[in-house]
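Report on one structure; see the data block that follows.
Numbering (our numbering), first residue to last: 908 to 1719.
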């Protein structure tokens, strides 16, 4: 149940004029007629009214009516805003003809109940047959329809108000065209008609089924505009009446039109009714129960001092506010207006015990109106204290017509206003219309939480990219002055620092704001090392970052690592800026340096070092210094205790380099002139040994072809041994003096051995001096065909003077 005062929890300062926080225009390319605004439990707002727009502007769903009849294409239109006024969703509901929403309220299940009148047949979202009447639609928290109900009495009923009741059901209030007094009701109306127009009240259960209904009225015209459940479980209904004492009306008319209020019990039975008015026309539009059990009534009055009206008329029509007790007895009345027409559409209690009255005015500064208008008609908001005295009034509008339908206090101490605007963007209205008329929502706050201007833009610079700072003002600014000297609405900044701006607004006020711009930074925090077998925690320190991506694939600001390595994170900031930072973490290790081989008789130094630079040592020898001298081969180890308490061990095996073999006692060598000689180095027993011959070759052998002195140095890390060879050549030519030419393959030819290289000419003669053989290039091939006997030869080198002479005997 939403009794007027139950939802209010945050106190507002009565005398302090509120400031605009933001305003929003919502609509499509057609006409929107706003009816209702209410804060929702999630901190946002639900808006309701009627729309004739197709998909355009803020409207995401087409009209449900027939395209051939655009004049009747009007649907219920709900819009859900968040706390900052951003649209979360919108939904249209209707049949193929006109459907006009009058009221919407959030329900206890988080959904919404809405109602108005419909002339559509069963079509679109409307499930009932074609009858002009009340149409109630229940939707869930996302605006999805759960059920709809229609109620008609064949007398063109029009629903103006609804409310969820304490039992989870709903109370509906409106009026219908009447009939002759006493004529029985038709269709959903169970009671008789009273007159020309009657109040028609219907009670529904939680599923939308009718529990009871009441037709209330006199013999004339009675129009119900509001209904509220009361703290005793009953209901207060109110509107405008031209009837005198007749039917359900027990008091005489005061003038042309009067306020008429009826108190019903929980089952709809009349407990009392009251008439309030002056001599002129008076129309009641809104009512609420107050904390003291009484009621506050608000409407428009064209009466002067007369009847129940105790104050003079200000203009053509004034706000007329009445406070009555629990039995409807008037406690006080107040009139507020200027010289023109002023009509209130809603009244709501405030947390301080006062009242918020919302409507529209075409008056200038006059009477109770302290601010000039902006256009043909403007929103006029009046705040009263508990005694009905004005605390303040404020005007909001554009250059055309703007009708304020409702205003509610908000939990933050401000107010939410909603109405219909025909105005384009102007000083008092920051957004243009989408179509001919739109919803126009204004959020007000206290001076403390509602600056006239706010600097918006990225407050963190990324690299060399500039940030664009812009002063956003509640109304249009006419001039700007930044601390940088700039006079534009926005400035680019590339350096961190404090920036300020003052702007003169179109209404003459001055907005001042400042903002500090910083430089985005990103670093990885964490230890440089951790013990083997344990883990290390790393944290991406990037103030203002909205996302993190590590090279490990993780996407949180903090990670735990178990392996040494370099870890890189990319930090993402609003606006798409990103920075990369890396951190290397290791497991502290001790390492050993020094030669792993010893030379006999020469100690070798081993040195321990750590990756973190600070440690204590203990060697396998018992030493505790960073370095030790070792003189014997073996296995040496050191354990280091690091600065972070970790320990690590390194081991090195030290071997002994074998001594080189001593040079042989004699190396002089004589060989035949034609023999091949290979000199070989002494066995070193060490793979590290190197060789250097007298010709600078470095193999372990040397092929010799010339006489002379040859030297070799054999070197290992410990010593060098020198060896020398003196090589001499002698002639080793062997010329046989017998050839056994018996063809057995042995000594069959005259074969001369060890001849020096070159071309040798052989001439052979018999004992009589006759030449039997001659070869310019002898190849040891004569003798096999020779006859037995003694022969004489001359063997001559064709390139030199070397000559051999002798004889040879051939036998068989």
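For every residue, glycine included, the Cβ atom is placed at its ideal position computed from N, Cα and C. Note that the coordinates shown come from a computational prediction; the quantities given were computed from them, not determined experimentally.
- Bridge partners of residue 1511 according to DSSP: 1537.
- Note that the C-beta distance between residue 1503 and residue 1561 is below 8 Å.
- For residue 1599, the enclosing beta strand (DSSP E) begins and ends at 1597-1600.
- For residue 1325, the enclosing beta strand (DSSP E) stretches over residues 1322-1328.
- In this structure, the CA atom of residue 1490 is about 16 Å from the CA atom of residue 1462.
- By the neighbour-count criterion, in which a residue is buried when 16 or more other Cβ atoms sit within 10 angstroms of its Cβ, residue 1212 is exposed.
- For residue 1615, the secondary structure class from DSSP, reduced to helix, strand or coil, is strand.
- Secondary structure note for residue 1625: it is in no beta strand (DSSP E), with a DSSP letter that is neither H nor E.
- Using a Cβ distance threshold of 8 Å, residue 1294 and residue 1255 do not count as a contacting pair.
- Separation of residue 1198 and residue 1296 (C-alpha to C-alpha, rounded to the nearest whole angstrom) is 18 Å.
- Beta-bridge partners of residue 1000 (DSSP): 983.
- CA-to-CA, the gap between residue 1616 and residue 1665 works out to about 25 Å.
- The bridge partners DSSP lists for residue 1036 come to none.
- Per the coordinates, the alpha-carbon of residue 1701 lies some 7 Å from the alpha-carbon of residue 1671.
- Taking the Cβ atoms as the reference, residue 1420 lies roughly 5 Å from residue 1362, within the contact range of under 8 Å.
- The alpha-carbon separation between residue 1675 and residue 1696 amounts to approximately 11 Å.
- For residue 1641, the three-state secondary structure derived from DSSP is strand.
- For residue 1689, there is no enclosing beta strand (DSSP E), as DSSP marks it with neither H nor E.
- Your pair residue 1515 and residue 1547 checks out as a contact, with CB atoms roughly 6 Å apart and the cut at 8 Å.
- DSSP places residue 1379 in the strand class (E or B) of the three-state scheme.
- Taking the CA atoms as reference points, residue 1539 sits about 15 Å from residue 1625.
- A residue is called buried when at least 16 other Cβ atoms come within 10 angstroms of its Cβ; residue 1239 does not meet this threshold and is exposed.
- Assignment of beta-bridge partners to residue 940 by DSSP yields 957.
- Using a Cβ distance threshold of 8 Å, residue 1082 and residue 1104 count as a contacting pair.
- Counting only the Cα atoms, residue 1053 lies some 23 Å from residue 959.
- Classified as buried, residue 940 has 16 or more neighbouring CB atoms from the shown chains inside 10 Å of its CB.
- At a Cβ-Cβ threshold of 8 Å, residue 934 and residue 1345 count as neighbours.
- Scanning its chain for C-beta atoms nearer than 6 Å, with the 5 sequence neighbours on each side dropped, one finds around residue 964 the residues 934, 935, 1341, in chain order.
- Secondary structure at residue 1681: strand, using DSSP grouped into helix, strand and coil.
- Shown here for residue 1357: same chain residues with a beta carbon closer than 8 Å to its own, the five before and five after excluded, namely 925, 926, 927, 928, 1321, 1351, 1381 in chain order.
- Taking 8 Å as the upper bound for CB-CB distance, residue 1280 and residue 1244 are not in contact here, some 13 Å apart.
- In the DSSP assignment, residue 1468 falls within the beta strand (DSSP E) that extends over 1465-1468.
- Annotation: the continuous beta strand (DSSP E) that includes residue 1316 extends over 1309-1316.
- Residue 1116 counts as exposed, since fewer than 16 other C-beta atoms from the protein chains shown sit within 10 angstroms of its C-beta.
- Within the same chain, Cβ atoms closer than 6 Å to the Cβ of residue 1217 are found at 1240, the five residues on either side in sequence being excluded.
- In the DSSP assignment, residue 1132 falls within the beta strand (DSSP E) that extends over 1129-1136.
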